[in-house]
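Engineer:
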Amino acid sequence: MIIQEKLASPPFLAGASLPLEQVTSKRFRAGQIISDKPSGVSSVGMIVSGRVEVYSVALDGKDVQLNALTAGECFGVCNLMASAELETVLRCGEETEVLYIPKAVLLSCMEQDAGLAMRYAALCNRKLQFLLRRIELLTMQSCRGRLIAHLLEQQDEKGVVRLAGSREDLARRLGVSRAALFRELSALQSMGAAAVDGNSIRIQDRPLLEELL
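With the working numbering as the guide, the letters of the sequence shown map in order to residues -11 to 201.
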């Protein structure tokens, strides 16, 4: 797949006239820490394949997974127009390919393309709403509350939540210990509220989960 076809996958960049000679492609192995400044050039990264996990690191050194970005999603966009860097860590959850677009190039294109600028504003709006929900989730006191809120938010039309990584990854995403997460999953299964099968969790009794929340 050529770079032009890869850039067409995310709605944010679809139809944008980007100078392809300024776009670079990089591949990373699972577990590798990556940056939005390849070779020192502040850039927006678009994930072509794989998964990039976004972590926040507290003063005590504890990391909390904020998000997991997959193919078609971008990182480095929230501070596109700000000089301050975001205090986050980006780690590849699996082998990952990223297209890098220099921020100066993207800003120049947005000045000429009102549609691209509006899509950028919509993307920032969605990210803001997502982070507000994450803050609400992480400020819940109990592990059970965090888990139930996550399940209710992430379920598909069939009531199934498919984990992007392992259950250990889910524990980090919720900011709880692995043992606490496993204990609460077992409890929800015993109540008949949810069923765990490999890397998927099926909601069996939504009213009960809402009551427990």
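Glycine included, every Cβ here is placed at the ideal spot set by N, Cα and C. Note that the structure is a prediction, hence the values are computed from the model and not measured.
Under 8 Å Cβ to Cβ from Met98, same chain only, skipping five residues before and after it: list those, please.
Structural biologist: Cβ within range, chain order: Leu104, Ala105 and Tyr108.
Engineer: I believe Ile191 touches Leu139 by the beta-carbon criterion, under 8 Å. Please report the beta-carbon distance rounded to the nearest angstrom.
Structural biologist: Yes, Ile191 and Leu139 are in contact; Cβ-Cβ is about 6 Å, under 8 Å.
Engineer: Thr12 and Pro(-2) - do their beta-carbons sit closer together than 8 Å?
Structural biologist: It is not a contact, given that the beta carbons lie outside the stated cut-off.
Engineer: Quick check for students: name the residue ranges of the alpha helix (DSSP H) that lie wholly in the segment 57 to 119, counting only runs of 4 or more.
Structural biologist: Taking only runs of at least 4 residues, the alpha helix (DSSP H) segments lying wholly in the segment 57 to 119 are 91 to 100.
Engineer: Just how far apart, CA to CA, sit Glu41 and Gln100?
Structural biologist: Cα to Cα, the separation comes out at about 32 Å.
Engineer: Using only alpha-carbon positions, find the residue among Gly147, Asp185 and Glu82 that is nearest to Gln20.
Structural biologist: Per the Cα distances, Glu82.
Engineer: So what does DSSP say about Ile(-9), is it helix, strand or coil?
Structural biologist: Here Ile(-9) sits in helix by DSSP.
Engineer: Comparing C-alpha positions only, which one of Ile123, Ala59, Leu135 and Ile35 sits nearest to Phe170?
Structural biologist: Closest by alpha carbon: Leu135.
Engineer: Just mark Met217 as buried or exposed, buried being the case when its beta carbon has 16 or more other beta carbons within 10 Å.
Structural biologist: In this structure the chain extends from -11 to 201, so residue 217 is not present and cannot be described.
Engineer: When burial is assigned at 16 or more other CB atoms within 10 Å of the CB, is Phe118 buried or exposed?
Structural biologist: Exposed, since its Cβ has fewer than 16 Cβ neighbours within 10 Å.
Engineer: Return the chain-ordered ranges of every beta strand (DSSP E) run that is complete within the segment 154 to 190 and spans a minimum of 3 residues.
Structural biologist: Taking only runs of at least 3 residues, the beta strand (DSSP E) segments lying wholly in the segment 154 to 190 are 182 to 185.
Engineer: How is Ser31 classed by DSSP in three states: helix, strand or coil?
Structural biologist: If DSSP states are grouped into helix, strand and coil, Ser31 belongs with the strands.
Engineer: Return the CA-CA distance between Cys66 and Ile89, expressed in angstroms with no decimal places.
Structural biologist: Each residue's alpha carbon lies about 14 Å from the other.
Engineer: By how many angstroms is the C-alpha of Gly153 removed from the C-alpha of Ala59?
Structural biologist: Approximately 14 Å, taken between the alpha carbons.
Engineer: My assumption, with CB atoms under 8 Å, is that Cys131 sits in contact with Glu172. Please give the rounded CB distance.
Structural biologist: About 5 Å; that satisfies the 8 Å criterion.
Engineer: If the criterion is Cβ atoms closer than 8 Å, does the pair Arg275 and Leu57 meet it?
Structural biologist: Because the chain here runs from -11 to 201, residue 275 falls outside it and cannot be looked at.
Engineer: Can you tell me whether Gly180 is buried or exposed? The criterion is at least 16 other CB atoms within 10 Å of its CB, across all chains shown.
Structural biologist: When all chains shown are included, Gly180 counts as exposed.
Engineer: From what residue to what residue does the alpha helix (DSSP H) around Arg17 run?
Structural biologist: Unbroken run through Arg17: none, as it is neither H nor E.
Engineer: When you compare only the Cα positions, how much space is there between Ala167 and Arg194?
Structural biologist: Using only the alpha carbons, I get a separation of about 24 Å.
Engineer: Quick one: using the 10 Å Cβ neighbour count with 16 as the cut-off for buried, is Lys146 buried or exposed?
Structural biologist: Exposed.
Engineer: Beta carbon of Ser30, beta carbon of Lys91: below 8 Å?
Structural biologist: Result yes, Cβ atoms of Ser30 and Lys91 sit closer than 8 Å.
Engineer: For the candidate residues Ala137, Glu141, Phe63 and Arg155, whose alpha-carbon lies nearest to that of Leu200?
Structural biologist: Nearest of Ala137, Glu141, Phe63 and Arg155 to Leu200, Cα basis: Ala137.
Engineer: Quick check on the DSSP output: the alpha helix (DSSP H) that includes Glu145 runs from which residue to which?
Structural biologist: Here Glu145 belongs to no alpha helix (DSSP H), and DSSP marks it neither H nor E.
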